[in-house]
Amino acid sequence: MFQELVRKAKYGDIKAKEEIIRNLQPLLVSSIRRYYYNKNELEDLMQEGNLKILESIDKYEEKKGIYFLGYVKTMLKYMYLDKHKEREHMSLNEKATGGEDEIIDLLVSEDLDISEEIATRDEIEELRDKLKELTERQREIIILFYIEKKNMHQIAEKLNISYRTVVNTKTMAIKKLRGMM
């Protein structure tokens, strides 16, 4: 049904475009909160997001086999992440708030890339949310393998299941996570 709405909008149906924009408002708000939240700019961010949705309708190519919702979600994500680059930059030689040190002296690493760190944090948060959608067994195996660094034999022994079951469950969990993300 939604794909049909996108097709109509792509061919110039104004009502279809309006309905898509109306239906995607929760996604828009979620993207703003997740990737670039600034309540002073909220109205502008919403308008920019609506424009990006309209642009996405025009650029969307259904024949590539990508769902429109996934496509527009990605477009919004990168638009809002790019907004961090547009922010006014402070000099690293300014005094840090409430202190005498310069901001540059407070940095832990010279190769710190803030946008990478933010993207990584967002990906971790998204992964945590998606882990909740796995079965209890899948979630347990993923946590044991990736967080607790247990190998497949250790997991099988701990859960009292076969090695093959661990492998299959882990494989299915990874496929499911990839599909969700």
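Counting from 41, one number per residue, gives the positions in the sequence shown under my numbering.
Just so you know, even glycine gets a beta-carbon here, dropped at the ideal spot from N, CA and C.
How about the segment 165 to 184 and the segment 199 to 212: do they share at least three Cβ pairs that are nearer than 8 Å?
-> Output reads yes: the segment 199 to 212 touches the segment 165 to 184.
Kindly indicate the opening and closing residues of the alpha helix (DSSP H) around Ser70.
-> Going by DSSP, Ser70 is part of the alpha helix (DSSP H) stretching over 65 to 75.
Enumerate in chain order the residues of its own chain whose CB-to-CB distance from Lys22 is below 8 Å, with the five nearest sequence positions on each side excluded.
-> The structure shown does not extend to residue 22, since the chain spans only 41 to 221, so no value can be given for it.
Leu184, buried or exposed, once every other Cβ within 10 Å from all chains shown has been counted against 16 = Buried: at least 16 other Cβ atoms inside 10 Å.
For the putative contact between Ile61 and Ile106, defined by C-beta atoms under 8 Å, what is the C-beta separation to the nearest angstrom?
-> With a beta-carbon spacing of about 20 Å, Ile61 and Ile106 fall beyond the 8 Å limit used to define contacts.
According to DSSP, is Asn80 helix, strand or coil?
-> When secondary structure is reduced to three states using DSSP, Asn80 falls in the helix class.
Hey, would you say Ala213 sits closer than 7 Å to Val206, going by beta carbons?
-> It is not a contact, given that the beta carbons lie outside the stated cut-off.
Contacting residues, own chain, Cβ-Cβ under 7 Å from Leu152 (five flanking each side not counted) | Bear in mind that the predicted position of Leu152 carries a pLDDT of just 46, short of 50, making it too unreliable to give a figure here.
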